[in-house]
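Chains A and B, in that order, are what the protein sequence lines are. Using the working numbering, the final residue of the first sequence is 211, and nothing's skipped along the way. Using the working numbering, the final residue of the second sequence is 128, and nothing's skipped along the way.
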Amino acid sequence: MVVDIIKKFINSVLRSLFKKKKHVRLGLYGPPNGGKTTLANRICQDWLGEEMGKVSSIAHETREIQIKEQVNIKSKGRELSFNLVDTPGIATRIDYEDFMKVGLKEKEAKKRAKEATKGVIDAIKWLDDMDAVVIVLDATKDPYSQVNITIIGNLAARNIPVLLVGNKVDLKKADLKRIEAAFPQYNVIGISAKYGNNVDKFYEGLFALVG
Amino acid sequence: MALTLHFIPYAEIEDLGSARRVKKIIDLVKENKIVLLEGKLKKQEETDLIEITMEEISDKFKGIELAVISPEKKDKDFFKKLKHNFFGLLLGDRVGFTIIGPAAIVKEIKKDPDKIELFTQDIKKKKK
């Protein structure tokens, strides 16, 4: 108990130091295929003029931690600089046969599954190194999955600030209210990372998160 | 095909360290049993469970499905809330249930405030 209090105190002091430097490590977390890399690409395109990673409709396309250093964003006369960390999607199950169903050969599917498992482990290990986290959820999917609850609960336990993004709001099935109902204590911003809908509001959310 | 549900009372894991708790669950799930745990794991133990699951994944073991069910905190009545919080403090992680099943058997666990739906894999289809 006392150790937890001391840990929280040290974390909050370190975090306030990071805040003062306006140079934070911002992680993109969430389940596979939520659109983390699409959002990372959107941010990098908007502010650096280049993409960050490859996207695919096949799950677990991002299987390694990707870092883009010194991303500077501006909004209403304010400026924010951060290192953007795109992480592999966190899952509790990975079946190479699922990759074969979408056209991968067995050898390739097994390799992808193995890399994906390592990616999940790395993403979890990196949780401790984040100053702030954007959770990217697919707004067309059920938000009550235990993986979402586990990630968000872990970040809360570590006192890491969280912004929830409901991605893919351009799709008819998207339901932002469901995400808001599932996580009422968090600010939820609906965006389409692919088409850029509502990204200005997302950037404002980032300033509120770490600015 | 018969499903095996393995109940773990909280008392059985109460004195175990985090690593042993997680290992006990994983070992049972790898035997194709659906584990029904009284109470819940700590947040860090949940991520440990995911990490260890990933380390164990193979051609045969495809991972897990997991759901934690906590009692609803909908009571607006002050005394009911107080009672709920009191028992929560008293019982700690013993409150609620955790279901962990092997992904090869459990396709999905859906939670609803009033029910839990556990969808199993279509074994016949898989054998074809």
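From the three backbone atoms N, C-alpha and C, an ideal C-beta is built for every residue, glycine too. Bear in mind the structure is a predicted one, so any value in this text is a computation, not a measurement.
Secondary structure of residue i, DSSP reduced to three states
i         : result
Leu104(A) : coil
Glu12(B)  : helix
Tyr203(A) : helix
Asn187(A) : coil
Gly41(A)  : Before going on, a small fix: residue 41(A) reads as Asn here, not Gly. Helix.
Ala181(A) : helix
Val71(A)  : strand
Ile65(A)  : coil
Asn55(A)  : What sits at residue 55(A) in the sequence shown is Val, not Asn. Here Val55(A) sits in coil by DSSP.
Tyr96(A)  : helix
Gln146(A) : helix
Gly101(B) : strand
Asn154(A) : helix
Ile109(B) : strand
Val169(A) : coil
Ala67(B)  : strand
Gly77(A)  : coil
Thr140(A) : coil
Leu163(A) : strand
Lys42(B)  : coil
Lys127(B) : In this prediction, Lys127(B) scores a pLDDT of 43, lower than 50, which makes its location untrustworthy; the coordinate-derived value is nonetheless stated afterwards. Helix, per DSSP.
Thr117(A) : helix
Ala208(A) : helix
Of the listed residues the options, nearest to residue i (C-alpha basis)
i         : options                                    : result
Lys114(A) : Val133(A), Met100(A), Ile94(A)             : Ile94(A)
Glu108(B) : Glu106(A), Thr117(A), Ala91(A)             : Ala91(A)
Glu64(A)  : Ser57(A), Lys74(A), Met52(A)               : Met52(A)
Lys54(A)  : Phe99(A), Asn72(A), Pro88(A), Glu97(A)     : Pro88(A)
Ala104(B) : Phe119(B), Val68(B), Glu117(B), Lys62(B)   : Lys62(B)
Val102(A) : Pro184(A), Val165(A), Gly34(A), Ser56(A)   : Ser56(A)
Asp86(A)  : Gly34(A), Tyr144(A), Lys172(A), Pro143(A)  : Gly34(A)
Lys30(B)  : Glu117(B), Lys110(B), Val106(B), Lys115(B) : Val106(B)
Asp15(B)  : Glu55(B), Arg94(B), Glu117(B), Ile69(B)    : Arg94(B)
Val169(A) : Gly77(A), Tyr186(A), Phe202(A)             : Phe202(A)
Pro184(A) : Pro143(A), Asn154(A), Glu204(A), Leu171(A) : Pro143(A)
Chain-ordered neighbours of residue i on chain B, where CB pairs are closer than 8 Å
i         : result
Ala181(A) : Chain B residues near Ala181(A): none, gap ~11 Å exceeds 8 Å.
Gly153(A) : Lys43, Glu46
Thr62(A)  : Within 8 Å Cβ-Cβ: nothing; Thr62(A) doesn't reach chain B, min ~15 Å.
Separation of residue j from residue i, as counted between CA atoms
i         : j         : result
Ile26(B)  : Gln70(A)  : 41 Å
Phe82(A)  : Leu26(A)  : 6 Å
Leu36(B)  : Leu66(B)  : 10 Å
Glu108(A) : Tyr96(A)  : 9 Å
Ile135(A) : Ile64(B)  : 22 Å
Phe119(B) : Ala2(B)   : 14 Å
Gly17(B)  : Pro102(B) : 23 Å
Thr98(B)  : Leu41(B)  : 8 Å
Asp98(A)  : Ser75(A)  : 42 Å
Tyr31(A)  : Arg21(B)  : The displayed chain sequence assigns Pro, not Tyr, to residue 31(A). Cα to Cα, Pro31(A) sits roughly 25 Å from Arg21(B).
Residue i beta carbon near the ligand SAM (any heavy atom closer than 8 Å)
i        : result
Gly96(B) : As presented, the structure is devoid of all ligands, the ligand SAM included, so that no description of it is given.
Partner residues on chain B for residue i, Cβ-Cβ distance less than 7 Å
i         : result
Ile124(A) : Thr47, Ile50, Glu51
Tyr144(A) : Lys111
Thr140(A) : Result: empty, since nearest Cβ-Cβ is about 16 Å, beyond 7 Å.
Proximal residues of chain A, C-beta to C-beta of residue i below 8 Å
i        : result
Gly63(B) : Ala91, Thr92, Arg93, Ile94, Asp95
Ile34(B) : None at all; the shortest Cβ gap to chain A is about 14 Å.
Glu55(B) : Thr117, Ile121
Contacts that residue i makes with chain A (C-beta to C-beta distance below 7 Å)
i        : result
Leu66(B) : Thr92, Gln146
Contact set between residue i and chain A, taken where Cβ atoms lie within less than 9 Å
i         : result
Ala103(B) : Thr92, Arg93, Ile94, Asp95
Cross-chain neighbours of residue i in chain B, by beta carbon under 9 Å
i         : result
Ala157(A) : Lys42, Lys43, Gln44
Thr150(A) : Lys43, Glu46, Thr47, Leu49, Ile50, Leu66, Val68
Determine contact between the segment 141-149 of chain A and the segment 38-45 of chain A, defined as no fewer than three beta-carbon pairs at a distance below 8 Å.
-> no
Do the segment 42-55 of chain B and the segment 116-136 of chain A meet, that is, are 3 or more Cβ pairs less than 8 Å apart?
-> yes
Per the contact definition of three or more C-beta pairs closer than 8 Å, is the segment 33-42 of chain A in contact with the segment 183-202 of chain A?
-> yes
Please determine if the segment 154-161 of chain A and the segment 131-143 of chain A are in contact, where contact requires at least 3 C-beta pairs separated by less than 8 Å.
-> yes
At least three beta-carbon pairs within less than 8 Å, the segment 175-184 of chain A to the segment 136-145 of chain A | yes
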